[in-house]
Amino acid sequence: MNASQNLWGRKLMKKKYILVLLLILGAAIAPSTWNVRAQDSPRRIEITAKRFEFSPSEITVKKGEPVVLVVKSADVAHGLRFRELNLNVKVDKGGTAELPFTPDKTGDFVGHCSVFCGSGHGEMTLTMHVVN
Amino acid sequence: MNFAKHHFLIGNKKQKNPLPDSRDTWNDGKEAFSHYCVACHGMDGQNTGVPFVDHMSPPIPSLASKHVQSYTDGQLKWILDNGIWPSGMPGSKGTLSDDELWSIVVFLRHLPPAGSQGTPDIYTH
Chain E
1 MNASQNLWGR KLMKKKYILV LLLILGAAIA PSTWNVRAQD SPRRIEITAK
51 RFEFSPSEIT VKKGEPVVLV VKSADVAHGL RFRELNLNVK VDKGGTAELP
101 FTPDKTGDFV GHCSVFCGSG HGEMTLTMHV VN
Chain C
133 MNFAKHHFLI GNKKQKNPLP DSRDTWNDGK EAFSHYCVAC HGMDGQNTGV
183 PFVDHMSPPI PSLASKHVQS YTDGQLKWIL DNGIWPSGMP GSKGTLSDDE
233 LWSIVVFLRH LPPAGSQGTP DIYTH
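Written out as structure tokens, the structure is:
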């Protein structure tokens, strides 16, 4: 092997080492970026509020997973309050409001409409099941 | 009649209020009370500003009176749920949630001074 071939060979080997190093770094970083992307996108659950019911009337979420309840009013002003979880959101007539939270305990929790909306207001409930 | 109501006719005597007797619960109760209870009882629960208070039969009692305050929490909740005969007071079960009704009980136990809350808006215009 002459000198020029030797030099070319050393350069090629150097490039291979750099490529392998980059691949290893990429493999190490990529999963953590995937995790960040997952955490940036909480689960969104759309809920329609109208006199006198929430639809759906039951939802299931996971402990520790971020959730956004997107509450839409189909008529008058409504609200959704989970007293045990210290969560409350109010939505204007015909409007939309968001309630972001991360459940930190399992169980079945009943939310009630928190803006008086008429004769059936007291019966407007949404049951949220928080599971592992 | 009062004896009969306190001991026989008004149920739920022993049930305890599941909500804490706190300022937050009181505020919730005041808000729930303001939806329509104020039309007959006034904003202070003592009939202030209610134009027909002297024309009802039987008369609307002050909710601060010994007669009303001597009911247990459970009995007050029962009255809120079912109304009270023969007064014409309607029941609110289903119209207000259980939590709202229990919070009103807390409000009733700590009514503001008579006249301190003014006249209900529905009677001022």
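Listed in order, the protein sequences are those of chains E and C. Each residue of the first sequence is one higher than the one before, counting from 1 in the numbering used here. Each residue of the second sequence is one higher than the one before, counting from 133 in the numbering used here. C-beta atoms are modelled at their ideal positions from N, C-alpha and C, and glycine is treated no differently.
- Of all residues in the region 114-127 of chain E, only F116, S119, G120, H121, G122 and E123 place a beta-carbon less than 7 Å from a beta-carbon of chain C.
- For V170 (chain C), the enclosing alpha helix (DSSP H) stretches over residues V170 to H173.
- Going by beta carbons, A164 (chain C) and L228 (chain C) fall inside the 7 Å limit.
- From the beta-carbon of G226 (chain C), the residues of chain E found nearer than 7 Å are G120, G122 and E123.
- At a C-beta separation below 7 Å, H173 (chain C) has no neighbours in chain E, since its nearest C-beta there lies roughly 16 Å away.
- Beta-bridge pairing by DSSP links H112 (chain E) to E:R81 and E:T125.
- Per DSSP, S235 (chain C) is not a residue of any beta strand (DSSP E); the alpha helix (DSSP H) it occupies stretches across D230 to R241.
- Under the 7 Å criterion on CB atoms, D231 (chain C) is classed as interfacial with respect to chain E.
- The Cβ atoms of R83 (chain E) and D213 (chain C) lie no closer than 7 Å to each other.
- Burial state of D156 (chain C) is exposed, judged by a 10 Å Cβ sphere holding fewer than 16 other Cβ atoms.
- With 16 or more other CB atoms across the displayed protein chains lying within 10 angstroms of its CB, R81 (chain E) is buried.
- If the five residues before and after E46 (chain E) are omitted, its C-beta is found closer than 6 Å to the C-beta atoms of V70, all from its own chain and listed in chain order.
- Among the residues facing chain C, H78 (chain E) is not included, as its CB has no counterpart in that chain under 7 Å away.
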